[in-house]
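Peer 1:
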Amino acid sequence: PRSIKEAHNSPHAKQSECAIQTEYNALLSYNTWEIVPLPRGRRALGCIWLFDVKYNADGTVDRFTARLVVQGNTQLYG
15 PRSIKEAHNS PHAKQSECAI QTEYNALLSY NTWEIVPLPR GRRALGCIWL
65 FDVKYNADGT VDRFTARLVV QGNTQLYG
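Heads up: the sequence shown runs through residues 15 to 92, numbered per the numbering used here.
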């Protein structure tokens with residue numbers, strides 16, 4: 015799937031949701047972020063979910079993975 019909407023509407027929605035939950039729990043357990051007030055006049059960077067399927071050597075599905083990534087292309091320097 016190319017988006018979270020596609021992931022939820024795919025035949026593998028349950029596996030995608032499990033992958034999202036696994037990644038989210040890992041991010042929380044590693045204290046990946048801290049919620050802070052956004053300074054006036056600043057915008058937060060957005061993020062998107064990326065999905066992948068890992069296969070065994072024989073071609074069978076091993077697991078579904080999901081990663082939360084920041085949209086760094088929207089970052090303004092300075």
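Idealized CB from N, CA, C, for every residue including glycine. Everything numeric in this text was worked out from a predicted model, so none of it was measured.
#1: In the DSSP output, which residue or residues are listed as bridge partners for Asp-72?
#2: From the DSSP output, in three-state form, read off Leu-64 for me.
#3: Does the distance from the C-beta atom of Asp-66 to that of Thr-46 stay below 9 Å?
#4: Is Leu-82 helix, strand or coil when you go by DSSP?
#5: Using a Cβ-Cβ cutoff of less than 7 Å, which residues in the same chain neighbour Asp-76 once the five nearest sequence positions on both sides are dropped?
Peer 2: With the structure as the only source:
#1: The residue labelled residue 72 in the question sits at position 58 within the sequence shown. In the DSSP output, where bridge partners are listed per residue, Asp-72 has none listed.
#2: If you number the sequence shown from 1, residue 64 lands on position 50. For Leu-64, the three-state secondary structure derived from DSSP is strand.
#3: Taking the first residue of the sequence shown as position 1, residue 66 is located at position 52. Taking the first residue of the sequence shown as position 1, residue 46 is located at position 32. Cβ atoms of Asp-66 and Thr-46: not closer than 9 Å.
#4: As a first step, residue 82 must be located in the sequence shown, where it is residue number 68. Reduced to three states, the DSSP call for Leu-82 is strand.
#5: As a first step, residue 76 is located in the sequence shown; it is residue number 62 there, counting from the start. Contacts found: Lys-68, Tyr-69 and Asn-70.
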